[in-house]
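When you read off a place in the sequence shown, starting at 1, and then add 825, the result is the number in my numbering. Notes follow once the structure below has been shown.
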Amino acid sequence: DLEISNVTWSNKKASLSITNKSTYKMQYQVVNKGQTFDEKSNWILTDEATIKLSDLNHGDAIYARLTDETNFSGIVSKLVSDEKAPTIEVTGNSTTWTKNNITLKVTAEDYETGLPEKPYSFNGGQTWQAENTKEYSQNTSGIIIMVRDDAGNIATYDTIDITKIDKIGPEITIEQTKNTTKDITIKVS
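This is the structure we're talking about:
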């Protein structure tokens, strides 16, 4: 007779509802991440059929039970958890030959907990950076781009190979084909 809804996210904060389908009163408590649940105290008593809790964070826990103000039902609980990795898109890799550097740019969004201060990695998670771009001056294979959110979920983009940078000019060989005091014919390869 007591139900906690699924978590919904908006602006990096979570919301949920607790619904009481019984004739008893409901008690609930929100335990913030890092705090300890105390079954004997901190309960909020209400006779409302549904309450909505908002401004919750990843790692918070919700506990609820029914009471006739003397006896209590079993406890139902829900952990507020962001389990979705960010969405990512990468642009900037050239499909035509260029003599210029190539800059890869990551566009990422996370609708649950959001992105931390340093969410981007261009080396498979070995290091993380705040900037969503990285410039390459030479062809590079096996670039693994990752983006993490505040909850620690990681999205990995398909491996990228940069193969269209050409910074070496053509080689020229000049060969004199005829010796003369007049015009000279030169063959350039």
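Cβ atoms here follow ideal geometry from the backbone N, Cα and C, with glycine treated the same way.
Exercise. Measuring CA to CA, which of Lys959, Glu937, Thr938 is closest to Tyr945?
Worked result: Ranking the options by Cα distance to Tyr945, first place goes to Lys959.
Problem set entry | Complete runs of the beta strand (DSSP E) confined to the segment 849-883 [at least 3 residues] | Qualifying beta strand (DSSP E) stretches, in chain order: 850-856, 869-871, 875-881.
For this session: Measure the beta-carbon distance from Lys930 to Gly917 and round it to whole angstroms, keeping in mind my assumption that it falls under 8 Å.
Result: Separation of the CB atoms of Lys930 and Gly917 is rounded to 5 Å, and the pair is thereby assigned contact status at 8 Å.
For this session: Confirm, please, whether the CB-CB distance from Tyr961 to Ile927 is below 7 Å.
Result: The Cβ atoms of Ile927 and Tyr961 sit closer than 7 Å to each other.
For this session: Below 8 Å on the Cβ atoms is my guess for Val855 versus Leu878; work out the distance and round it to an integer in Å.
Result: Contact between Val855 and Leu878 holds: their C-beta atoms lie close to 6 Å from each other, under 8 Å.
Exercise. With respect to the beta strand (DSSP E) encompassing Ser962, which residues constitute its N-terminal and C-terminal limits?
Worked result: Ser962 -> no beta strand (DSSP E), and no H or E assigned at all.
Problem set entry | Cα-Cα separation, Thr998 to Asn925 | Whole-angstrom Cα-Cα distance: 26 Å.
For this session: Report, in whole angstroms, the separation of the C-beta atoms of Lys858 and Gly939, which I expect to be a contact under 8 Å.
Result: Wrong, their Cβ atoms sit about 15 Å apart, outside the cutoff.
Exercise. Helix, strand or coil for Val901 per DSSP?
Worked result: It is a strand residue.
For this session: Take Glu937 and list the residues in its own chain whose beta-carbon comes closer than 6 Å to its own, dropping the five residues that flank it on each side.
Result: Closer than 6 Å at Cβ, skipping near neighbours: Trp834, Asp907, Lys909.
Exercise. Considering only the beta carbon of each residue, do Leu827 and Leu891 sit closer than 7 Å?
Worked result: Yes, they are a contact pair.
Exercise. Do Ile993 and Asn964 come within 7 Å of each other at the CB atom, strictly closer than that value?
Worked result: Taking 7 Å as the Cβ cut-off, Asn964 and Ile993 do not qualify as a contacting pair.
Exercise. So, using beta-carbon positions, are Ile913 and Ala933 closer together than 7 Å?
Worked result: Taking the C-beta atoms as reference points, Ala933 is found nearer than 7 Å to Ile913.
Exercise. Going by DSSP, what residues sit across from Tyr888 in a beta bridge?
Worked result: DSSP lists Gln854, Ser902 as partners of Tyr888.
For this session: Please name the residue or residues paired with Ser946 in a DSSP beta bridge.
Result: The bridge partners DSSP lists for Ser946 are Met971.
For this session: Name the one or two DSSP bridge partners that Gln954 has.
Result: Partner residues in the beta bridge of Gln954, as assigned by DSSP, are Tyr945.
Problem set entry | Contacts around Ser966, its chain only, beta-carbon distance under 7 Å, and the 5 residues preceding and following it disregarded | If the five residues before and after Ser966 are omitted, its C-beta is found closer than 7 Å to the C-beta atoms of Asp986, all from its own chain and listed in chain order.
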